[in-house]
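Heads up, the sequence shown is in this note's numbering, so the first residue is 1 and it goes up one at a time. For glycine and all other residues, C-beta sits at the position ideal for the given N, C-alpha and C. So the structure is just underneath, and the comments pick up after that.
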Amino acid sequence: MYLQDLHVENFVSREPNQVSKVLKVVMIALAVITFIVGLLLPYMLVMTLLFAGLAWFYQMNAQIDFDYSYTNGVVEIAKVMNKSRRKLMLSIEMKDVVVVAVSKSDPVRAYVGRKMKTYDCTGHQDGVRYYCMIFKNPAHNNAEEKLLFEPDGEFLDAMRTVAPRSIHKD
Numbered sequence: 001m002y003l004q005d006l007h008v009e010n011f012v013s014r015e016p017n018q019v020s021k022v023l024k025v026v027m028i029a030l031a032v033i034t035f036i037v038g039l040l041l042p043y044m045l046v047m048t049l050l051f052a053g054l055a056w057f058y059q060m061n062a063q064i065d066f067d068y069s070y071t072n073g074v075v076e077i078a079k080v081m082n083k084s085r086r087k088l089m090l091s092i093e094m095k096d097v098v099v100v101a102v103s104k105s106d107p108v109r110a111y112v113g114r115k116m117k118t119y120d121c122t123g124h125q126d127g128v129r130y131y132c133m134i135f136k137n138p139a140h141n142n143a144e145e146k147l148l149f150e151p152d153g154e155f156l157d158a159m160r161t162v163a164p165r166s167i168h169k170d
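This is how it looks when you write it as structure tokens:
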């Protein structure tokens, strides 16, 4: 169907928010405090293990990255946690894409405020322009769903080769 294979990848790191940083510090502080108290009251060492375990679990899941991949008319979005575990979130064929445009721009304004499932795969960084993709998900009875992501120009150009009317760069 395609004359040549076309493969483009993007990688976006999500910045941890201030609340998560404070929560991590609080859990570590509670682990240290319960350890010190546990030296006097041995049953408090169980709480130390609990807080240390929660801090470790939180640290393992705090670093979130997104891998966007476009290959021959298929957009795949994967979530990478702690730079080690990769989970495929979405696989979208370009034939199912309704529109891709800068978020809150005219082409997607008609979809603002609609109740639809939303996948937020942005880095949450200030000043970075992100795009909104509206697509029909065949796994959910062709329900319209929304993907928020941060593709670069090369990624958008690759998608535009298959669906030129659906992709709006500006």
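Confirm, please, whether the CB-CB distance from residue j to residue i is below 7 Å.
i, j, result
"Val100", "Ser13", "no"
"Pro151", "Asn10", "yes"
"Met81", "Leu54", "no"
"Asn72", "Leu23", "no"
"Lys146", "Thr118", "yes"
"Ala139", "Tyr70", "no"
"Phe155", "Cys121", "no"
"Ile92", "Val75", "yes"
"Val171", "Tyr131", "With the chain covering 1 to 170 only, the question about residue 171 has no answer from this structure."
"Thr173", "Ala31", "Look at the range of the chain in this structure, 1 to 170, and you will see that residue 173 is not part of it."
Please report the straight-line C-alpha distance between residue i and residue j, rounded to a whole angstrom.
i, j, result
"Leu148", "Leu45", "44 Å"
"Lys104", "Phe135", "16 Å"
"Glu15", "Val98", "29 Å"
"Ala78", "Phe35", "39 Å"
"Lys95", "Arg129", "25 Å"
"Met1", "Phe51", "Because the pLDDT at Met1 is just 49, under 50, the model does not fix this residue reliably, and the value given afterwards should be weighed accordingly. The straight-line gap from Cα to Cα measures roughly 55 Å."
"Asn142", "Val8", "26 Å"
"Thr161", "Gln59", "40 Å"
"Lys169", "Gly153", "8 Å"
"Pro107", "Phe57", "41 Å"
"Arg109", "Met116", "14 Å"
"Leu39", "Val19", "30 Å"
"Asn17", "Arg85", "21 Å"
"Asn61", "Met133", "26 Å"
"Ile33", "Glu144", "50 Å"
"Gly123", "Leu41", "44 Å"
"Met89", "Asn137", "13 Å"
"Gln125", "Lys21", "16 Å"
From the DSSP secondary-structure annotation, give me the bridge partner or partners of residue i.
i, result
"Met133", "Val100, Leu147"
"Val253", "Since the first residue of the chain shown is 1 and the last is 170, residue 253 is not available in this structure."
"Glu9", "Ser69"
"Ile64", "Met81"
"Ile167", "Val100"
So within the region 74-121, which uninterrupted alpha helix (DSSP H) runs reach at least 4 residues, ignoring any that extend past its ends?
If we require 4 residues or more, the alpha helix (DSSP H) runs fully inside the region 74-121 come out as 106-109.
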